[in-house]
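Structure first, then comments.
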Amino acid sequence: MNTLGMGSDTMNNTIRSLFSTGGLFVLLALLMTVVAAANGETFSFAVVADPHIGGSADHYSKLNTAVDWIISNKDSRDIELVFVVGDIAWGGPRSRRNLRQAKEMLDRLAGAGIAYLPVIGDNEIQAGCEREFAETFDGQYRRLSKVLPNWRKAPMPVNGKYLQNFSFDYKGCHFVCCDFNSRKHSDEGGELHDFAGGSWPWFKNDIETRPKDKKESIVVFTHIGMFRTGFGKADEFLFSQGEMKKIKGFLWDYKDYVDTNYAGHIHQNWHASVWKGLFTTIYHVRTTDETWFGRQWPEAGDRSATVRVVETDSDGRKVSYKQHVCNAQKP
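One rule links them: number in my numbering = place in the sequence shown (from 1) + 198.
If you want it as structure tokens, here you go:
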């Protein structure tokens, strides 16, 4: 007896129909769906650092080149998000502000269907443009709030500071962008802003309250990387020992969930591991070189615009990432 309630002839006909032209397409579509579900969600995000749109025609051209390259490679590299990690633009004549020009270039990403996320840097602040930054990109943040899941943005200003802190979820990852730039005059180092309504308590709350569904799923973006080099002169542009102790002490409890802090500021493609105790890694720091060319040791003489592309795969219980530092050329 056929336990499926189907005679042998009927079963054979059903099998033959599956492998007919139309049935084969249905079967292939079903298999593709199963494979996609097994592999989890995959996508890439790009990191652009330190465009420095401040009057230089070369800097303007290099940011345009980076934008063109991302758009041209959007489909082949599966780029869905772009993080612009600070020192974007400042100054300019009243009728043609540099922040406005930078936004017009970056808006071409949005026009191509790529969400871009502007992160404030220390240069905008030192140039007295932090409020202008907030006003220039306000519309972009509002658009992002409508399309990115679980969007959160800290209220501002706080104590006269336009702190740019926001986060969202995307395809198995949690992205956190924080403003840890000093507001002290001529200070190009990091500052946590640990006061009511400041960046540090907002950051802690965001990490503490988000679901911990997958390991290595939290990705942090700041202009100034959360690390120290051990070289006094270089560390003047980073975080103090006291602030690093505070950062490491807090993130230690989340070391299985926080993968990388992406940053710019030092104008280098650099990787550092931040560790505690017996060399246990808490998180990684990956900085990205500027889009234009400013040679610093140990860089070579490559004058291409730099774009970092990070392949992301949230299959299973742990998110994985593959790093690609790309030399963007004009299409």
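Heads up, the beta-carbon is just placed ideally off N, CA and C, and yes, glycines get one too.
Bear in mind the structure is a predicted one, so any value in this text is a computation, not a measurement.
- With respect to the C-alpha of residue 461, the residue from 477, 439, 506 having the closest C-alpha is 506.
- Residue 292 and residue 284 have their alpha carbons spaced roughly 22 Å apart.
- With fewer than 16 neighbouring CB atoms inside 10 Å of its own CB, residue 302 falls in the exposed class.
- With a cutoff of 9 Å on beta-carbon distance, residue 418 and residue 459 are scored as near each other.
- For the segment 413-475, the full-length beta strand (DSSP E) segments reaching 3 residues or more read 416-419, 456-461, 468-474 along the chain.
- Inside the segment 230-308, DSSP marks whole alpha helix (DSSP H) runs of 4 or more residues at positions 255-270, 272-275, from first to last along the chain.
- Distances from the CA of residue 248 to each of 521, 485, 268, 508 were compared; the closest alpha carbon is that of 485.
- Taking all protein chains in view, the Cβ of residue 483 is crowded by 16 or more other Cβ atoms within 10 Å, so the residue is classified as buried.
- For residue 362, the secondary structure class from DSSP, reduced to helix, strand or coil, is coil.
- In terms of Cβ geometry, residue 338 and residue 361 do not form a close pair [threshold 9 Å].
- Excluding the 5 residues flanking it on each side, residue 306 has same chain C-beta neighbours closer than 6 Å at 265, in chain order.
- DSSP places residue 385 outside both helix and strand once states are collapsed to three, so it counts as coil.
- In terms of CA proximity to residue 511, 277 leads the group 281, 475, 277.
- Residue pairing from DSSP places residue 510 in a beta bridge opposite 241, 519.
- Inclusion of residue 378 and residue 398 in the CB contact set at 9 Å is warranted, their separation being smaller than that value.
- Residue environment: residue 343 is assigned as exposed (fewer than 16 neighbouring CB atoms within 10 Å of its CB, all protein chains considered).
- Between residue 402 and residue 455 the beta-carbon gap is near 14 Å, outside 8 Å, which marks them as no contact.
- A contact is defined here as three or more CB-CB pairs under 8 Å, and the segment 471-479 fails this definition with respect to the segment 320-330.
- CA-to-CA, the gap between residue 465 and residue 239 works out to about 32 Å.
- In the three-state DSSP reduction, residue 332 falls in the helix class (H, G or I).
- If you check the CB distance, residue 251 and residue 287 come in under 9 Å.
- With distances taken between CA atoms, residue 320 lies nearest to 385 out of 385, 345, 296.
- By alpha-carbon distance to residue 444, the top candidate from 388, 489, 340 is 388.
- Assigned with DSSP and collapsed to three states, residue 315 falls in strand.
- Residues 363, 397, 401, 420 of the same chain have their beta carbon placed closer than 6 Å to that of residue 376, with the five preceding and five following residues left out of the count.
- Residue 311 is positioned such that its CB atom lies no closer than 9 Å to that of residue 356.
- Between residue 255 and residue 281, the CB-CB gap reaches or exceeds 9 Å.
- Excluding its 5 nearest sequence neighbours in each direction, residue 241 has C-beta neighbours in its own chain below 7 Å: 276, 278, 369, 510, listed in chain order.
- An exposed status is given to residue 439, since fewer than 16 other beta-carbon atoms sit within 10 Å of its beta-carbon.
- Assignment of beta-bridge partners to residue 367 by DSSP yields 372.
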